Amino acid sequence: MKVLLTGVAGFIGSHVCRNLAKFGYDVLGIDNINDYYDVELKEGRLHSIENDNFNFLKLDIIEKDKLEKTFDEFRPDYVIHLAAQAGVRYSLINPQTYIDSNITGFLNILEACRKYSPKHLIYASSSSVYGLNKKMPFSENDHTDHPKSLYAASKKSNELMAHTYSDLFGIPTTGLRFFTVYGPWGRPDMALFIFTNNIVQGKAIKVFNDGEMRRDFTYIDDIVDGIVKLIPHVPEQNPISDHLNPVPSISSSPYRVFNIGNNKPVKLDYFIEIIEESLGIKAMRENLPMQPGDVEETFADICSLQKVIDFQPQTSVEEGIPKFIDWYKDFYKI
């Protein structure tokens, strides 16, 4: 089976690609290798995917003609779309990038799927879509109409765009709302990487909301397991959908959205303690108030995903953080 995977040099994308190639999928990975963060890290991820079933093409998804040519030549059975401009805080200072990559780029993916009809499009959404919601845990049945950042708004837009194409053109789409993914080869703009860097370098770490925030930290292997198991679970039309009393997670179109998280929120203070223990170094802290765009807590209700693929996260932060620290020390020769 052929899989076209976008964002293959990214954190999640590289792990997914490695898994797919290992299990015999023919994978074409595309990425624009932009400089949002360390290009050497992205190249290192690509070099770590050593498998004859994997081929790489440097391509930006905003290049519509080149993207469609790639679809035409490769003819994927499945598309896993993980390319995006990530980061909540960066969207406050460079919003145009999010429109270009997350909106225009996703439209190009949808158009290519409309023309070349893969069996299933799986794409990355985000827990950020829950925005101002306070009810915990977050459920796919909750409304997501009050985003707190343009990044969150772009991911909500992706879900709406996917539903439109599922309804109009019968494209089976599955959106995955990722909850704070971490692990080896992680992103340098995320808390675990930032904290580790600063602690190792003897710099103070910025702890927002005085460490009182809670996040549903989800280890990368659990995320990959969920994505790969979902590939053959192609959404179908659901004629029994009640249009008079609509539920956000149910549609008559071949469209689904799932939370994919650890289902166990962890207090930021405790998260930092495990990093300190793993490094054997005490952090210097700079306690700060909440930042614009941030939320106090995330907590994934994963019942829907459990019903479909028996999704069961296996890795706690007590296990996952040391694995990241081991990778970090190895990669940076510490």
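For what it's worth, this note's numbering labels the leading residue of the sequence shown as 1054, then goes sequentially.
Beta carbons are placed, not taken as given, at the ideal position from N, Cα and C, and that holds for glycine.
A quick note: this is a predicted structure, and the numbers were derived from the prediction, not measured.
Per the C-alpha coordinates, the member of ILE1276, SER1101, GLU1096, SER1210 positioned closest to LYS1075 is SER1101. Taking 7 Å as the cut-off, the beta carbon of GLY1236 is found closer than this to the beta carbon of GLY1373. Taking a contact as a CB-CB distance under 8 Å, the pair ASP1084 and VAL1061 counts as one, their CB atoms being some 5 Å apart. According to the DSSP assignment, ARG1142 belongs to no beta strand (DSSP E), since it is labelled neither H nor E. In this structure, the beta-carbon distance from VAL1300 to LYS1172 does not fall below 7 Å. Proximity of the stretch 1140-1148 to the stretch 1107-1118 falls short of the contact definition, fewer than three beta-carbon pairs being nearer than 8 Å. For GLY1228, the enclosing beta strand (DSSP E) stretches over residues 1226-1231. When DSSP states are grouped into helix, strand and coil, PHE1246 belongs to the helix group. Each of ILE1325, THR1217, LYS1256 was checked against the Cα of GLY1264, and the nearest Cα belongs to ILE1325. Between the alpha carbons of ASP1347 and PHE1246 lies a distance of about 18 Å. Counted as a single uninterrupted DSSP element, the alpha helix (DSSP H) harbouring ARG1167 occupies residues 1158-1169. Counting only runs of 4+ residues, the alpha helix (DSSP H) found wholly inside the stretch 1323-1382 occupies 1356-1362, in chain order. With respect to ARG1338, VAL1253 sits apart: the two C-beta atoms are not nearer than 7 Å. In this structure, the beta-carbon distance from SER1207 to TYR1151 falls below 7 Å. In this structure, DSSP gives ARG1128 a state outside helix and strand, which the three-state scheme calls coil.
When the five nearest sequence neighbours on each side are left out, the beta carbons in the same chain lying within less than 8 Å of the beta carbon of SER1154 are those of ILE1114, ILE1115, ALA1136, ALA1137, GLN1138, in order along the chain. GLY1314 places its beta carbon 7 Å or farther from that of ASP1274.
Only residues of its own chain outside the window of five on either side were considered, and among them SER1306 have a CB closer than 6 Å to the CB of ASP1220, listed in chain order. For HIS1196, there is no enclosing beta strand (DSSP E), since its DSSP letter is neither H nor E. Close CB contacts of VAL1182 within its chain, under the 8 Å cut and outside five residues either way in sequence, are with THR1197, PRO1200, ALA1205, LYS1208, LYS1209, GLU1212, ARG1230 (chain order). Judged by their CB atoms, TYR1090 and PRO1241 are nearer to each other than the 7 Å cut-off. According to the DSSP assignment, ASP1079 belongs to the beta strand (DSSP E) that extends over 1079-1084. A direct Cα-Cα distance of roughly 7 Å separates GLU1371 from ILE1327. Rounded to whole angstroms, ARG1309 and LEU1174 show a C-alpha spacing of 11 Å. The DSSP-derived three-state label of VAL1056 is strand. VAL1080 places its beta carbon less than 7 Å from that of PHE1107.
Between LEU1203 and PRO1129, the C-beta spacing is not below 7 Å. In the structure shown, the three-state DSSP call for SER1305 is coil.
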